[in-house]
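Asks: Using numbering that gives the first Met the number 0, you'd call the opening residue of the sequence shown number 0 and step up by one each time. Just so it is clear, CB atoms sit at the ideal spot from N, CA and C, and this is done for glycine as well.
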Amino acid sequence: MSLDDFDLFLMSMEDVKPLKHDTVKLKSTKQGPSLAQQEKRKAAECDLSVDENYLQSEYVELLDPHAVLSFKNEGVQAQVFKNLRLAKYQLDATLDLHGQPLQRARTTLLTFIDDCHKRNIRVVLVRHGIGIKNKFKPGILKSYTNKWLQEIPSVLAFHSALKHHGGNGATYVLLKKSDEKKHENREIHSKRS
Numbered sequence: 000m001s002l003d004d005f006d007l008f009l010m011s012m013e014d015v016k017p018l019k020h021d022t023v024k025l026k027s028t029k030q031g032p033s034l035a036q037q038e039k040r041k042a043a044e045c046d047l048s049v050d051e052n053y054l055q056s057e058y059v060e061l062l063d064p065h066a067v068l069s070f071k072n073e074g075v076q077a078q079v080f081k082n083l084r085l086a087k088y089q090l091d092a093t094l095d096l097h098g099q100p101l102q103r104a105r106t107t108l109l110t111f112i113d114d115c116h117k118r119n120i121r122v123v124l125v126r127h128g129i130g131i132k133n134k135f136k137p138g139i140l141k142s143y144t145n146k147w148l149q150e151i152p153s154v155l156a157f158h159s160a161l162k163h164h165g166g167n168g169a170t171y172v173l174l175k176k177s178d179e180k181k182h183e184n185r186e187i188h189s190k191r192s
């Protein structure tokens, strides 16, 4: 004789006793928020005030959400820049900044670029979005990303991505060779001569 699932369930529940009541009394929360809740609230309010001050201290002209980002340092060859624009280089790392507050986005971007440069990663994709969900000020993160990338010394060039990589909501970034890699290349070329 074989037992089905229901019979097995009934057998396993034989010694279970029902509860005498099915209501739960909760403690009154009129005491106010706990210390941990107060600290979380303070931290959240602090984050908001920092972001507002940050926006006021660093003015950036807002770009159209669908604007193409394009920047090239002097010395970057036209063909190299064209290859970057056309995604002919392998993308070695990707960063997604969507939904981050500006100050955190800036720190994340700077850390990411610095780490990639140290590890000799040459081409990266930064996803910043176009910000069209923000009806009052679209393109904020995109506009700031455009400014920040131009200020980072290890960035040689950048350009808005092709559609399959995120279109105008993402940017290809070309980084300089690390000092270690430059030294390695000099040694290789000096041995050839």
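(1) Per DSSP, Thr170 is paired with what?
(2) So, using beta-carbon positions, are Thr144 and His127 closer together than 7 angstroms?
(3) Can Ala156 and Leu140 be called in contact, C-beta distance under 7 angstroms?
(4) Residue range of the beta strand (DSSP E) that Lys71 falls in?
(5) Using CA coordinates, which residue listed in Thr93, Asn119, Asp113 is at the minimum distance from Glu150?
(6) Leaving aside the five residues before and after Leu90 along the sequence, list all residues of the same chain whose C-beta is less than 8 angstroms from its C-beta, in chain order.
(7) Measuring alpha carbon to alpha carbon, tell me which of Thr106, Val75, Tyr88 ends up nearest Leu96.
(8) Please classify Thr107: does DSSP put it in a helix, a strand, or coil?
(9) Is it buried or exposed, His20, if we count other Cβ atoms within 10 angstroms and call 16 or more buried?
(10) From the DSSP output, in three-state form, read off Asp113 for me.
(11) Got a sec? Which residues, its chain only, sit under 8 angstroms from Glu179 by beta carbon, not counting five neighbours each side?
(12) Would you mind sorting Ala160 into buried or exposed? The rule is 16 or more other CB atoms within 10 Å of its CB.
(13) Ends of the beta strand (DSSP E) at Leu94?
Replies: Short version:
(1) Its beta-bridge partners are Val125, Ser159.
(2) Against a cut-off of 7 angstroms, the Cβ pair of His127 and Thr144 comes out as a contact.
(3) Their beta carbons are not under 7 angstroms apart, which means Ala156 does not touch Leu140 by this criterion.
(4) Membership of Lys71 in the beta strand (DSSP E) is indicated by the continuous run 69-71.
(5) Selected option, being the one with the closest Cα: Asp113.
(6) So the qualifying residues of the chain are Val122, Val123, Leu124, His164, Tyr171.
(7) When Thr106, Val75, Tyr88 are compared, the shortest CA-CA separation from Leu96 is found for Thr106.
(8) Of the three classes helix, strand and coil, the one that applies to Thr107 here is helix, per DSSP.
(9) Counting the other Cβ atoms within 10 Å of the Cβ of His20 gives fewer than 16, which makes it exposed.
(10) Assignment of Asp113 by DSSP, reduced to helix, strand and coil, places it in the helix class.
(11) Within the same chain, Glu179 has close Cβ partners Asn119.
(12) Ala160 should be labelled buried.
(13) That run of the beta strand (DSSP E) goes 92-95.
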